[in-house]
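Notes to accompany the following structure.
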C-alpha cells in the first residue's frame, strides 16, 4: 500500500477522456445498430439470421481483445510492479468475461438455426469456452487470498500463462476441422465479406471498444477510491490506537 | 404496418435474432449500471470518510 503510486495523473486523464468514450460508444453503437438491423442486406444463404453476426462477431473480438489487455497489464504488473497495472487487469476481466459469455450465447442462437445445433465441441467453440473459464479463474484467484497482493500476483500469472489460448482461438478454424466457419475478416488476402456487411461489423466493434474503455475507466476509478479508503481507514485506526496508548505490535 | 411485422419477423428467424440482441443489450447495460453504482457508492464513502478523519473507522 505504501508503494501505491499517486494515481492523480491517471484520474485526470480518465476524467478527460471518459466523456468522449461514452459519446463514442453511444454514437458508434447507435449507428452500428441502424446499419445492422436496417441498412444492410440479408445474406443469400442465411437470410435475416445473418444479423446475429453483428453482435456475435464484435463480442468475440472484444473477448479476445480484453483478454489481451488483461494479459499485457498482468505482465506489466509482474515485471515492473506498477500498481495501476493490477487495477486495470482486475477492472477489465469481468468485462471481458461478459463479452465472452455474449459471444457464446449469441453464437448458440446463431448456430441453432444455421447448423441445427446449440453447441458442438469443435475447436473454436471449445477454446472460447476455455477462455471464459480462464476469465472466471482470473476473477476468482485475485480474491482467493487474504493478502490481496498475493491474489493479484497469482491472477496475473494465470492471465499471462492463459494468453496462449488467444492465438489458439484465432487459428483454431485453420488448424482443426471445425464446424465454425473460417476467418472472413482477419485473414491473409483480406476480408471475403461484403463491404455492406463489413460496415456494421466495424461500427459495432468500435462501439463495443468505446464501451469497454468507458466501463474500464469507471471501474478503475472505483478501485482507486476503494484503495484510498483502505489507506485512510488504516491510518485512522493506527492514530486511534496510538492515542489510547495501546501496546505497539511491531 | 406490414413492413414492421416483416421486420420483426426477421425472415422467420425472430426467435433467434431478437434474443441475441436483447441479451447483448441486457448484459451491456447491466455491467454499466453496476459500474456506475459501484463508483458512486465508493466515492460517497470516501467523501464521508475524508470529512471526518479523526473519527474511529466504521465497518
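Residue numbers (our numbering), protein chains in the order written: chain H, 1 to 250; chain R, 1001 to 1059. In this text, a Cβ means the ideal position worked out from N, Cα and C, and glycines have one as well. What you are looking at is a predicted structure, and each value in this text was computed from that prediction instead of being measured.
Contacts with chain R at 7 angstroms (Cβ-Cβ) include residue 109 of chain H.
Residue 52 of chain H is a Cβ neighbour of residue 110 of chain H, given a cutoff of 7 angstroms.
Membership of residue 89 of chain H in the alpha helix (DSSP H) is indicated by the continuous run 83 to 115. Contact of residue 1036 of chain R with chain H by beta-carbon distance below 7 angstroms involves 218.
Residue 18 of chain H sits away from residue 158 of chain H, with the two beta carbons spaced by 7 angstroms or more.
For the region 1005 to 1031 of chain R, the set of residues with a beta-carbon nearer than 7 angstroms to any beta-carbon of chain H comprises 1010, 1011, 1013, 1016, 1017, 1019, 1020, 1021, 1023, 1024, 1027, 1028 and 1031, in chain order. Of all residues in the region 122 to 151 of chain H, none comes within less than 7 angstroms of chain R when Cβ atoms are compared.
Residue burial is scored here from C-beta neighbours: residue 1029 of chain R has fewer than 16 other C-beta atoms within 10 angstroms and is therefore classed as exposed. In this structure, DSSP gives residue 189 of chain H a state outside helix and strand, which the three-state scheme calls coil.
Counting of Cβ neighbours within 10 angstroms places residue 1004 of chain R among the exposed residues, the total staying below 16. Take the alpha-carbon of residue 137 of chain H and the one of residue 66 of chain H: they are about 15 angstroms apart. Under the DSSP assignment, residue 135 of chain H falls in the alpha helix (DSSP H) whose first and last residues are 123 to 142.
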